[in-house]
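Participant: Start counting the sequence shown at 3; every next residue gets the next number (our numbering). All residues carry an ideal CB built from backbone N, CA and C; glycine is no exception. Computed from a predicted model, the values in this text were never measured in an experiment.
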Amino acid sequence: MLFQQNILTILIVSPMLIMSLSFHEWAHAYSAYKLGDNTAKDLGRMTINPWVHLDGLGCLMLLLLGFGWAKPVPVSIQNLKEPHTDMIKVALAGPLANFFLAFLGGLLVKTLDSSLAQGAFFLFTQLNIALALFNLLPVAPLDGSQILTGLLIKSRPSWVFSYRKYSPFILYAFIFIGFATNFSPVWWLIGPVVKFLTSIFVGLV
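(1) Are LEU82 and MET89 closer than 8 Å when you measure CB to CB?
(2) Suppose contacts are defined by Cβ-Cβ distances below 8 Å. Is ALA72 in contact with GLY60 by that definition?
(3) Near PHE25, what residues of its chain come up, given a Cβ to Cβ distance below 8 Å and the 5 sequence neighbours on each side ignored?
(4) Could you tell me if GLU27 is buried or exposed, where buried requires 16 or more neighbouring beta carbons within 10 angstroms of its beta carbon?
(5) Which residue marks the beginning of the alpha helix (DSSP H) containing ASP145, and which one marks its end?
(6) Excluding the 5 residues preceding and the 5 following LYS156 in the sequence, name in chain order all residues of the same chain whose CB lies nearer than 7 Å to its CB.
(7) So, helix, strand or coil for ASN184, using DSSP?
(8) Express the C-alpha separation of MET21 and LEU56 in angstroms, rounding to a whole number.
(9) Using only alpha-carbon positions, find the residue among TRP189, ASN130, GLN148 and LEU110 that is nearest to VAL77.
(10) What whole-angstrom Cβ distance do LEU154 and ILE192 have, given they're in contact under 8 Å?
(11) Can you tell which of ALA142, VAL204, TRP161 and ILE202 has its C-alpha closest to the C-alpha of PHE176?
(12) What separation, rounded to the nearest whole angstrom, lies between the Cα atoms of SER116 and LEU110?
(13) Output needed for TYR35: all residues of its chain with C-beta closer than 8 Å, excluding positions within five of it in sequence on either side, in chain order.
(14) Distance check for PRO159 and GLY205, CA to CA, integer angstroms please.
(15) Looking only at C-alpha atoms, which of LEU62, ALA95, ILE79 and LEU37 sits nearest to HIS30?
(16) Quick check on the burial criterion: 16 or more other C-beta atoms within 10 angstroms. Buried or exposed for SER16?
(17) Tell me whether the beta-carbon of ALA132 lies closer than 8 Å to the beta-carbon of VAL196.
(18) So VAL204 is in the alpha helix (DSSP H); what residue range does that whole segment cover?
(19) By Cβ distance below 7 Å, which residues in the same chain neighbour ILE172 in space, the five residues on each side in sequence not counted?
(20) Could you check the C-alpha separation between SER169 and LEU150 for me, to the nearest Å?
In structure tokens:
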């Protein structure tokens with residue numbers, strides 16, 4: 003799992019999670035707006051107000067199983083200037099926002115003197131790297147599936163249709179396995195990369 007499940011860790015991680023997910027979704031909304039789609043803006047999603055973006059089950063899953071999500075930002079692909087190319091950009095905006103927060107967290111780890119603050123921002127950095135990598139997994143409805151769809155929709159539309167239809171069951175299987183066992187398939191996939199990138203961002207390697 004991403005974090006040990008104790009009260010202190012939950013109290014520290016929860017505000018970080020709320021802020022990070024909100025910034026992630028704002029990045030989607032803002033990039034879509036800049037590329038010609040006002041849908042998210044008109045629905046009040048172009049904000050970092052967490053109550054607009056948070057999905058209760060998604061937050062619970064991150065704390066319990068090591069992965070989670072927020073409410074997806076709606077995007078009307080037909081409004082984008084270059085629909086498929088721009089959809090890739092919109093999808094990438096969220097993970098890139100988390101990498102940016104991880105970069106800031108790493109800087110704070112290296113510049114602050116307090117060991118408590120360093121520990122908190124180390125968790126913040128790790129959390130945002132985990133969010134970025136999790137969302138890049140090519141499983142619907144995650145951002146990685148939008149990127150893969152944008153890359154393949156013109157050359158393999160029938161495959162993309164089937165992929166979009168059935169790939170969510172992979173996510174459901176991950177959730178079920180996480181609940182039924184003490185093993186997180188997602189953390190098994192991304193955990194080593196999260197640890198490696200965290201060590202780079204905070205300057206340990």
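Facilitator: This is what the structure gives:
(1) Numbered from its first residue, the sequence shown carries residue 82 at position 80. Numbered from its first residue, the sequence shown carries residue 89 at position 87. Going by beta carbons, LEU82 and MET89 fall inside the 8 Å limit.
(2) Residue numbering aside, residue 72 sits at position 70 when the sequence shown is read from its first letter. Residue numbering aside, residue 60 sits at position 58 when the sequence shown is read from its first letter. Closer than 8 Å, so yes.
(3) Translated into the one-based positions of the sequence shown, residue 25 becomes position 23. The residues are ILE50, ALA99, ASN100 and LEU103.
(4) Translated into the one-based positions of the sequence shown, residue 27 becomes position 25. Result: buried.
(5) One-based indexing of the sequence shown puts residue 145 at position 143. 145-154 is the extent of the alpha helix (DSSP H) around ASP145.
(6) Within the sequence shown, residue 156 is the residue found at index 154, counting from 1. Within the same chain, LYS156 has close Cβ partners HIS86.
(7) If you number the sequence shown from 1, residue 184 lands on position 182. Coil.
(8) The residue labelled residue 56 in the question sits at position 54 within the sequence shown. The residue labelled residue 21 in the question sits at position 19 within the sequence shown. Their backbone Cα atoms lie some 10 Å apart in a straight line.
(9) Sequence index remark: in the sequence shown, residue 77 carries index 75 (1-based). Closest option to VAL77, Cα to Cα, is GLN148.
(10) As a working note, residue 154 is residue 152 in the sequence shown. As a working note, residue 192 is residue 190 in the sequence shown. That belief does not hold up - the Cβ atoms of LEU154 and ILE192 are roughly 22 Å apart, past 8 Å.
(11) As a position in the sequence shown, residue 176 is number 174, starting the count at 1. The shortest C-alpha separation from PHE176 is found at ALA142.
(12) What you label residue 116 is simply residue 114 of the sequence shown in a count that begins at 1. What you label residue 110 is simply residue 108 of the sequence shown in a count that begins at 1. Those two C-alpha atoms are separated by around 10 Å.
(13) As a position in the sequence shown, residue 35 is number 33, starting the count at 1. Excluding the 5 residues flanking it on each side, TYR35 has same chain C-beta neighbours closer than 8 Å at ALA42, LYS43 and MET48, in chain order.
(14) Here residue 205 corresponds to residue number 203 of the sequence shown, with the count starting at 1. Here residue 159 corresponds to residue number 157 of the sequence shown, with the count starting at 1. Each residue's Cα considered, the two are about 43 Å apart.
(15) As a first step, residue 30 must be located in the sequence shown, where it is residue number 28. Closest option to HIS30, Cα to Cα, is ALA95.
(16) Counting from 1 along the sequence shown, the entry for residue 16 is found at position 14. When all chains shown are included, SER16 counts as exposed.
(17) As a position in the sequence shown, residue 132 is number 130, starting the count at 1. As a position in the sequence shown, residue 196 is number 194, starting the count at 1. The answer is yes: Cβ separation under 8 Å.
(18) Counting from one through the sequence shown, the residue named residue 204 turns up at place 202. Premise fails: VAL204 is in no alpha helix (DSSP H) and is neither H nor E.
(19) As a working note, residue 172 is residue 170 in the sequence shown. Same-chain partners within the cutoff: VAL141.
(20) Locating residue 169 in the sequence shown gives position 167, where the first residue counts as 1. Locating residue 150 in the sequence shown gives position 148, where the first residue counts as 1. When rounded, the distance between both Cα atoms is 12 Å.
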